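Asks: In our numbering, the protein residues as written are 37 to 286.
Below: one structure in structure tokens.
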Amino acid sequence: MIKALIIDDESSAAKVLQLLLELHVPEVTQIRVATRVPEAKSLIQQYNPDLVFLDIMMPEKNGFELLSELTEIRFELIFTTAFNEFAIRAIRFSALDYLLKPIDVKELRMAVDRYMHKQSQLKQSNVLFKNLLHNLETQKESEYRLAVPTVNGAIFLSTSDIVRLEGEGNYTRFCLNNNQKIVSAKTMKDYEEMLPANLFLRIHKSHLVNVRYIENYLNEGQVVLLDKTVLPVSRLRKKEVASVLLLKGK
Numbered sequence: 037m038i039k040a041l042i043i044d045d046e047s048s049a050a051k052v053l054q055l056l057l058e059l060h061v062p063e064v065t066q067i068r069v070a071t072r073v074p075e076a077k078s079l080i081q082q083y084n085p086d087l088v089f090l091d092i093m094m095p096e097k098n099g100f101e102l103l104s105e106l107t108e109i110r111f112e113l114i115f116t117t118a119f120n121e122f123a124i125r126a127i128r129f130s131a132l133d134y135l136l137k138p139i140d141v142k143e144l145r146m147a148v149d150r151y152m153h154k155q156s157q158l159k160q161s162n163v164l165f166k167n168l169l170h171n172l173e174t175q176k177e178s179e180y181r182l183a184v185p186t187v188n189g190a191i192f193l194s195t196s197d198i199v200r201l202e203g204e205g206n207y208t209r210f211c212l213n214n215n216q217k218i219v220s221a222k223t224m225k226d227y228e229e230m231l232p233a234n235l236f237l238r239i240h241k242s243h244l245v246n247v248r249y250i251e252n253y254l255n256e257g258q259v260v261l262l263d264k265t266v267l268p269v270s271r272l273r274k275k276e277v278a279s280v281l282l283l284k285g286k
């Protein structure tokens, strides 16, 4: 049984989402709707929802401002938004979830399934949101902190600390500049889409490397890192890797 709260200043959009939940997500057994920020804050306190669908852009305050005023976040968040690339990248970097409007039934179902699978990590909602605020305030992707979900909870990494990522099936191994290694239950493709393309270079199906840690490129199709690690460059990526590194003086 899931208690849901929909916060959206557009009553028509809120009604559509409510109907989709009622028809396609039977696990959601109670639904409340708030179309104004004061009403939303009151319902959060009184209704104590498990799951909040929060519109990012609202006239009184945006969704981020509303959440920043709460002393504690005791619910899971799914942001709803029309396309906003900056906000979406910051949300993904922070290991939080979102749905694009108009909301697709399959995407909604998948988002609720993800919520149900990670309820054990609910205690981290506050720190995940604080990390999102940090990312929104910096305005620079190179200064974002990446939330990396692990079996022991999320770990927050600065992109400058990441030397490389190594794909291992549906898992990704992070190799950091302090020699620490972290394994995440997300694919390397997920992280490749999130990390700044001007900083991280895909050299092989199993290797994504921070170009700042590349010492040089060997003609036989290998890169040497500052720590002297030698990694293979796939045949299909040799030209791209060579040209990118040439531009960066490697």
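No residue lacks a Cβ here, since even glycine has one placed at the ideal position from N, Cα and C.
Because the structure is a prediction, the values reported are computed rather than measured.
Just how far apart, CA to CA, sit A233 and D140?
Replies: Here residue 233 corresponds to residue number 197 of the sequence shown, with the count starting at 1. Here residue 140 corresponds to residue number 104 of the sequence shown, with the count starting at 1. Taking the straight line joining both Cα atoms gives about 28 angstroms.
Asks: Is it the case that the stretch 256-269 contacts the stretch 225-241, given that we only count it when at least three CB pairs across the two stretches are under 8 angstroms?
Replies: Enough Cβ pairs lie closer than 8 angstroms, so yes.
Asks: Within 10 angstroms of its Cβ, does P254 collect 16 or more other Cβ (buried), or is it exposed?
Replies: For this step, residue 254 is matched to residue 218 along the sequence shown. Just to set this straight, residue 254 is Leu in the shown sequence, not Pro. Answer is exposed; the Cβ neighbour count stays below 16.
Asks: What is the rounded straight-line gap between the Cα of G205 and the Cα of V163?
Replies: Numbered from its first residue, the sequence shown carries residue 205 at position 169. Numbered from its first residue, the sequence shown carries residue 163 at position 127. Distance between G205 and V163, taken at the CA atoms: about 28 angstroms.
Asks: Does the structure place the stretch 208-228 close enough to the stretch 180-198 that three or more beta carbon pairs sit under 8 angstroms?
Replies: yes
Asks: Taking the straight line between their C-alpha atoms, what separation do you get for E121 and E276?
Replies: For the purposes of this step, residue 121 is identified with residue 85 of the sequence shown, where counting begins at 1. For the purposes of this step, residue 276 is identified with residue 240 of the sequence shown, where counting begins at 1. Rounded to whole angstroms, E121 to E276 spans 26 angstroms at the Cα level.
Asks: Can you give me the C-alpha to C-alpha distance between K264 and V187, rounded to a whole angstrom?
Replies: On the sequence shown, position 228 is the one that residue 264 refers to. On the sequence shown, position 151 is the one that residue 187 refers to. About 30 angstroms.
Asks: In angstroms, rounded to a whole number, what distance separates the CA positions of S39 and R145?
Replies: As a working mapping, residue 39 is identified with position 3 in the sequence shown. As a working mapping, residue 145 is identified with position 109 in the sequence shown. It is worth fixing the name first, because residue 39 is Lys in this sequence and not Ser. Using only the alpha carbons, I get a separation of about 15 angstroms.
Asks: Which residue comes first and which comes last in the alpha helix (DSSP H) that contains Q258?
Replies: If you number the sequence shown from 1, residue 258 lands on position 222. Q258 -> not in any alpha helix (DSSP H); beta strand (DSSP E) instead, spanning Q258 to L261.
Asks: Report all residues from its chain with a CB closer than 8 angstroms to the CB of S48; omit the five preceding and five following residues, and keep chain order.
Replies: Working through the sequence shown from its first residue, we reach residue 48 at position 12. Contacts found: none.
Asks: Among Q82, E108 and K137, which residue has its Cα nearest to the Cα of V52?
Replies: Counting from one through the sequence shown, the residue named residue 52 turns up at place 16. Of the candidates Q82, E108 and K137, the one whose C-alpha sits nearest the C-alpha of V52 is K137.
Asks: With DSSP as the reference, label L283 as helix, strand or coil.
Replies: As a first step, residue 283 must be located in the sequence shown, where it is residue number 247. In the structure shown, L283 sits in a helix (DSSP, three-state: H, G or I).
Asks: Is there a Cβ from chain B that is less than 8 angstroms from the Cβ of I191?
Replies: Here there is only one protein chain, and chain B is not present.
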